[in-house]
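Numbering (our numbering), first residue to last: 29 to 107.
Even glycine gets a Cβ: it sits at the ideal position worked out from N, Cα and C.
Reading through the structure tokens given below for one structure.
Written as structure tokens, this is what we have:
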């Protein structure tokens, strides 16, 4: 399955402890292989298609919401 890197800007991250809650919540989203979370948002490494409903539910449980989501374009190397 193809992997994709997704940049997510979040609303509701108002305290440093919330970063850990978001990181933990993202670990429960199917397909998320890794997540880097800061006060500004998150960068996800995802295998296959991201289940947006599962992402929204996990983030809602952590007390935040998605402001914007951008899939990073991947360029394949020329052989």
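I think residue i touches residue j, with their Cβ atoms under 8 Å apart; what is that distance to the nearest whole Å?
i, j, result
"residue 89", "residue 57", "No, residue 89 and residue 57 are not in contact; Cβ-Cβ is about 11 Å, not under 8 Å."
"residue 36", "residue 59", "That belief does not hold up - the Cβ atoms of residue 36 and residue 59 are roughly 14 Å apart, past 8 Å."
"residue 71", "residue 33", "6 Å"
So what does DSSP say about residue i, is it helix, strand or coil?
i, result
"residue 107", "coil"
"residue 57", "coil"
"residue 44", "helix"
Per DSSP, residue i is paired with what?
i, result
"residue 50", "DSSP output for residue 50 lists no bridge partner at all."
#### Entry: Ordered list of alpha helix (DSSP H) runs contained in the region 62–105, each at least 4 residues
80–89
### Message
Under 8 Å: do the region 43–59 and the region 95–102 share three or more Cβ pairs, one atom per stretch?
### Response
no
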